[in-house]
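In my numbering, the protein residues as written are 3 to 210.
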């Protein structure tokens, strides 16, 4: 998730939009320049530098659109975490927390709160992103929303109990849904109290 500093302001143009001809300098407009189109490559003959013998030319390469904001495919129900991705619970100055939350406003609020409290925070918005992040990083705890775009957050909890049984998972939910046989370190119903969340998290990772 891309975050901006409080002092910065978003651009007036929408995300992914191309600059208009009005935004080009007069010399470029006069020369017939056109704004770059999203998702296209520069021409193979576009010079990027010069040398005594002539311009250095680029090699043709495609530019692919990011997967951000594209529809998320359904998670494969047979997806399993790699067995060699064990969680290393180590003492460190900044404990690492994974926030799994699809609402960007809630995710940003959690990230701001936890970073203010001294934690290192990563965010995932889907089950797929969460599994990938867990396989690539060592976390001390996970804050987990249950309603995700590509699957049920309970599927993450279920797989973690097999592959990472000692990793504390704090479930954040807007409902009183029964987790059945699944176990979580704690469960908080939205909206939660900031101090209560931080206290539970500190106890979960042993820094209270």
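C-beta atoms are modelled at their ideal positions from N, C-alpha and C, and glycine is treated no differently.
Check                                                                                                          : Outcome
Nearest-angstrom Cβ-Cβ length linking residue 136 and residue 170, presumed shorter than 8 Å                   : Actually they are not in contact, since the Cβ atoms of residue 136 and residue 170 sit about 13 Å apart, beyond 8 Å.
Among 175, 187 and 122, the one whose alpha carbon lies nearest that of residue 103                            : 175
Length of the line joining the Cα atoms of residue 148 and residue 111                                         : 18 Å
Identity of the residues DSSP links to residue 125 by a beta bridge                                            : 101
For residue 113 and residue 101, the rounded distance between their alpha carbons                              : 8 Å
Alpha-carbon spacing of residue 192 relative to residue 198, whole angstroms                                   : 12 Å
Sequence-distant residues of its chain with Cβ nearer than 7 Å to residue 120 (five each side left out)        : 96
Between the CA atoms of residue 126 and residue 108 - distance to the nearest angstrom                         : 12 Å
First and last residue of the uninterrupted alpha helix (DSSP H) at residue 109                                : 106-118
Own chain, CB closer than 6 Å to residue 98, minus 5 neighbours either side, in chain order                    : 122, 141 and 142
Counted within 10 angstroms of its Cβ, other Cβ atoms place residue 209 as buried (16 or more) or exposed      : exposed
For residue 176, the three-state DSSP class (helix, strand or coil)                                            : coil
Exposure label - residue 164; buried when at least 16 CB within 10 Å                                           : exposed
DSSP state of residue 149 mapped onto helix, strand, coil                                                      : strand
Nearest residue (CA-CA) to residue 155, options 180, 117 and 205                                               : 180
N- and C-terminal bounds of the alpha helix (DSSP H) containing residue 206                                    : 196-207
For residue 144, the residue or residues it bridges with in DSSP                                               : 100 and 171
Assigned exposure category for residue 178 - 16 Cβ within 10 Å defines buried                                  : exposed
Beta-carbon proximity of residue 159 to residue 184, cut-off 7 Å                                               : yes
Classification of residue 182 by the beta-carbon crowding that lies within 10 angstroms, buried from 16 upward : exposed
Bounding residues of the alpha helix (DSSP H) (the contiguous stretch that carries residue 162)                : 155-165
Under 7 Å between C-beta atoms of residue 173 and residue 146                                                  : yes
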